[in-house]
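Q:
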Amino acid sequence: MLLIDGKTVSNKIKLELEEIIKKDNLTPGLGIILIGDREDSKVYVNMKKKACSKIGIRNIDVKLDVDVREDSLIKEVIRMNENDNIHGILIQLPLPKHINTQNVLSKVSIKKDVDGFHSCSMGNLALNTDSKYFAPCTPEGCMELLRRYKINVEGKNVVVIGKSNIVGMPLSLMLMNKDATVTVCHIKTKNLKMHTKNADIIFCACGVPNLINKEYLKQDVVIIDIGINKIPINEQHDCKDKKYKIVGDVDFEDVKEIVSAITPVPGGVGPMTIATLLKHTVEACIEANKEN
Ligand code: GUN
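For the sequence shown, our numbering gives the first residue as 1211, with consecutive numbering after it.
#1: Does the Cβ of THR1348 lie closer than 7 Å to at least one heavy atom of the ligand GUN?
#2: Is it the case that the Cβ atoms of ASN1439 and GLY1417 are separated by a distance below 8 Å?
#3: Less than 8 Å separating the beta-carbons of ILE1243 and ASN1269?
#4: So, ILE1299 versus VAL1324, is the Cβ gap smaller than 8 Å?
#5: Are the stretch 1375-1382 and the stretch 1420-1432 touching, with three or more C-beta to C-beta distances below 8 Å?
#6: Pairs of beta-carbons, one from the stretch 1255-1267 and one from the stretch 1285-1292, closer than 8 Å: are there three or more?
#7: State the beta-bridge partners of ASN1439 as determined by DSSP.
#8: Suppose the cutoff is 8 Å on Cβ atoms and the five residues either side in sequence are ignored; what does the same chain contact list for VAL1479 look like?
#9: Go through the stretch 1379-1443 residue by residue and report every complete run of the alpha helix (DSSP H) that reaches 4 residues or more, in order.
#10: If the criterion is Cβ atoms closer than 8 Å, does the pair VAL1392 and VAL1370 meet it?
#11: Where does ILE1301 sit, in a helix, a strand or coil, going by DSSP?
#12: Quick one: does LEU1274 have its CB under 8 Å from some CB of chain D?
#13: When DSSP labels each residue in this structure, what does ARG1268 get in the three-state scheme?
#14: Let me check you understand the geometry: is the CB of THR1393 closer than 7 Å to at least one non-hydrogen atom of the ligand GUN?
#15: Would the beta-carbon of GLN1302 be found less than 7 Å away from any heavy atom of the ligand GUN?
#16: For a quick check, are the C-beta atoms of ILE1496 and VAL1475 less than 8 Å apart?
#17: With C-beta atoms as the reference, is LEU1315 less than 8 Å away from PHE1327?
#18: How long is the line joining the alpha carbons of LYS1224 and VAL1253, rounded to whole angstroms?
#19: Just to confirm before moving on: does the CB-CB distance between ALA1394 and ILE1412 stay below 8 Å?
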């Protein structure tokens, strides 16, 4: 069984970026907008900020109250669009329910859309154009892992579990662009097992801890586990110092004998998402310098 080591690959990418920044005297900047105080969003934003600082990307972060008005949020986005020190803009998702997410995301300047969530960025991905606009970081990170491990998707039966705008939907487009035969499964799918049993490669991005066990798989399948699920370790619900661990959507221990390759959680796709975001920010900075 081959362990697809996203941690090592992402460290390599980060080192490469750090060298480019130093060699070319770049001053890339990432604007980060965090709304509300969701614990998971705060953790992700902190991880992204730390990764930026480590390789020499400045981050300019704005925190807004959970009840911020949509027009105030859009004003912040426009301010970042106009700030020449900011080359990429990240609006941490999910946004509070009263905000129209796509309306806000599509106010980001397309040149600074390092998350790839603008409708034009997504449209370019769907049309498989040669545009230099960005694609969403998590699916791109998955595709980069496959590329580096020389796992070809052309003509393969590929199942994507989950159809979110952040992962499943753009990932299925990327796979189609690489000539995979793509099946997208989701919460309403009847008989998930029938689809997964036939898959050469499975991407799991549904957020259900340990959903996939060996009963769902054929021998020698490749698994890319995108799930990041926090589950309690100790069973006592009233325990004060509740301890948690992070698991994926796949029961790693159960499937490891049957798969030909698999990403661990943590240490698989997660670090690749951040490395891809950093890469996009450096690329946006290089493009902005060309224009000046
Ligand atoms: N929330 C969960 N994943 C992501 C991501 O890749 N980007 C942003 N902005 N928010 C997220």
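Cβ atoms here follow ideal geometry from the backbone N, Cα and C, with glycine treated the same way.
A: Looking at the coordinates:
#1: Yes, the ligand GUN has a heavy atom inside 7 Å of this Cβ.
#2: Between ASN1439 and GLY1417, the C-beta gap is smaller than 8 Å, which places the two residues in contact.
#3: Contact: no.
#4: Contact: yes.
#5: Too few Cβ pairs lie closer than 8 Å, so no.
#6: As far as the Cβ criterion goes, the stretch 1255-1267 does not touch the stretch 1285-1292, which means the pair count is below three.
#7: Answer by DSSP bridge pairing, in chain order: VAL1457.
#8: The beta carbon of VAL1479 sits closer than 8 Å to those of GLY1216, THR1348, GLY1351, CYS1352, LEU1355, ILE1434, ASP1435, ILE1436, THR1473, all from its chain and outside the five residues before and after it, given in chain order.
#9: If you keep only unbroken alpha helix (DSSP H) runs of at least 4 residues inside the stretch 1379-1443, you get 1402-1406.
#10: One thing to note: VAL1392 has its Cβ within 8 Å of the Cβ of VAL1370.
#11: Correct three-state label for ILE1301: strand.
#12: The question asks about chain D, but that chain is absent: this structure has only one protein chain.
#13: The answer is strand: DSSP assigns ARG1268 an E or B state.
#14: For the ligand GUN, not one heavy atom lies less than 7 Å from the Cβ of THR1393.
#15: Closer than 7 Å to some heavy atom of the ligand GUN: that describes the Cβ of GLN1302.
#16: The answer is no: Cβ separation not under 8 Å.
#17: It is a contact, given that the beta carbons lie within the stated cut-off.
#18: CA-to-CA, the gap between LYS1224 and VAL1253 works out to about 20 Å.
#19: First, the amino acid is wrong: residue 1394 is Val here, not Ala. Inclusion of VAL1394 and ILE1412 in the CB contact set at 8 Å is not warranted, their separation being larger than that value.
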